[in-house]
Amino acid sequence: MYKAIAANKRNTIIIMAVFIAIIGAIGWAVSYMYGNRSIGYTVLIVAAVYALIQYFLASKIAIAMTGATEIQKRDNPRFYRIIENLAITTGMPTPKIYIIDDVAPNAFATGRNPKTAIVAATTGLIDIMSDNELEAVMAHEMGHVQNYDIRVSMITFGLVSAIGFLSDIALRVLFFNNDRDSDTNPIVYLVGIVIIILAPIAAVIVQLAVSRQREYLADATGAMTTRHPDALASALEKLKTHGRPMKRQNTSTSHLFFSNPLKPGFFSRLFSTHPPLEDRIARLRGNANKF
1 MYKAIAANKR NTIIIMAVFI AIIGAIGWAV SYMYGNRSIG YTVLIVAAVY ALIQYFLASK
61 IAIAMTGATE IQKRDNPRFY RIIENLAITT GMPTPKIYII DDVAPNAFAT GRNPKTAIVA
121 ATTGLIDIMS DNELEAVMAH EMGHVQNYDI RVSMITFGLV SAIGFLSDIA LRVLFFNNDR
181 DSDTNPIVYL VGIVIIILAP IAAVIVQLAV SRQREYLADA TGAMTTRHPD ALASALEKLK
241 THGRPMKRQN TSTSHLFFSN PLKPGFFSRL FSTHPPLEDR IARLRGNANK F
């Protein structure tokens with residue numbers, strides 16, 4: 001487990017390098033078409049500043065997007081005590097605790113590190129889960145905190161947002177600015193447009209690969225914390241029958257959740273940030289004796 005946490009920290013650097021390469025490709029495309037290298041440097045600087053702002057504000061943005069409300073122990077003693085006990089078990093500070101008023105069963109964790117961590121669950125999840133199942137789900141979310149997945153998620157969220165933001169601006173500049181050099185090779189111009197269009201897709205694919213592996217790792221971490229993998233498997237089984245899209249949906253924050261919060265469909269399954277529930281259940285049951 002400690003190796004996995006160390007790997008997550010190393011992967012943070014790799015992920016940032018990949019995203020910077022994608023951002024650099026956008027800058028190259030625009031600067032080459034306009035014959036001005038300074039545009040490429042400007043793109044990198046703007047992206048870095050934007051991603052940095054997102055990194056520090058992403059938690060607040062996620063809370064605002066989901067409509068979560070912070071609670072104290074008196075507001076929901078059962079849920080609050082479960083989080084407190086998990087924090088004691090894992091040796092981490094008790095995170096800020098939020099509840100989302102939504103019948104869709106789900107939960108998420110966010111923050112830059114264990115000291116700034118936030119965990120949240122929907123009213124739907126709290127209502128349908130037994131104490132053991134709710135503890136297992138929140139142990140999964142605390143596992144994201146413990147494994148520093150939340151830091152990687154925040155960086156990924158910030159950089160994916162930056163790439164989408166830059167691609168949108170670049171396309172608008174290309175299509176609405178008539179000052180472009182008329183001598184630009186049409187093929188180069190076409191390649192540039194393709195890069196700008198595909199960059200956000202490439203960024204999302206990297207995000208998916210990162211997110212799916214971290215879900216498996218958080219499942220394993222949660223099972224090790226509670227020593228009760230069957231409880232987590234049972235909670236996932238309930239999601240198969242009671243799961244539904246959340247009222248507030250946003251693709252940029254979907255990777256934070258315990259289960260995919262988006263409306264089911266071909267593209268949502270194809271670009272899902274979560275492994276299939278069946279696979280997660282099979283892994284938990286198949287490795288039950290190892291936890």
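For what it's worth, my numbering labels the leading residue of the sequence shown as 1, then goes sequentially.
Even glycine gets a Cβ: it sits at the ideal position worked out from N, Cα and C.
Computed from a prediction, not measured in an experiment: that's the story for all the values here.
- Shown here, I53 sits in a helix according to DSSP, grouped into three states.
- Three or more Cβ pairs closer than 8 Å define a contact, and the segment 231-243 falls short of that threshold against the segment 37-45.
- When the five nearest sequence neighbours on each side are left out, the beta carbons in the same chain lying within less than 7 Å of the beta carbon of A218 are those of H140, G143, H144, N147, D149, in order along the chain.
- A distance below 7 Å between beta-carbons, with the five flanking residues on each side excluded, links P93 to the following residues of its chain, in chain order: A87, P114, K115.
- For E70, DSSP records a beta bridge to Y98.
- Rounded to whole angstroms, the gap between the alpha carbons of D279 and R212 is 11 Å.
- Taken through DSSP and simplified to helix, strand or coil, T123 comes out as helix.
- Following the DSSP letters along the chain, one finds A107 in no alpha helix (DSSP H) but inside the beta strand (DSSP E) bounded by residues 107-110.
- Apart from the 5 residues on each side of it in sequence, T226 sits with its Cβ closer than 7 Å to the Cβ of E135, A136, A139 in its chain, given in chain order.
- With respect to the C-alpha of G164, the residue from P200, A235, L44 having the closest C-alpha is P200.
- Short of 7 Å from the beta carbon of I281, and not among the five residues preceding or following it, lie these beta carbons of its own chain, in chain order: A233, L236, E237.
- Counting only the Cα atoms, M246 lies some 5 Å from A104.
- Taking C-beta atoms under 8 Å as the contact rule, H242 and I126 fail to qualify, at a distance of about 12 Å.
- In the three-state scheme derived from DSSP, where H, G and I count as helix and E and B as strand, F257 is classed as strand.
- A47 and N289 have their C-alpha atoms spaced approximately 46 Å apart.
- In this structure, L277 sits near K240, with a CB-CB distance shorter than 9 Å.
- The distance from the Cβ of I61 to that of I118 is about 12 Å, inconsistent with a contact at the 8 Å cut-off.
- Between S167 and I20, the C-beta gap is not smaller than 9 Å, which leaves the two residues out of contact.
- I118 is bridged by DSSP to K96, T110.
- In chain order, T225 place their CB closer than 7 Å to the CB of T89, counting only its own chain and leaving out the 5 sequence neighbours on each side.
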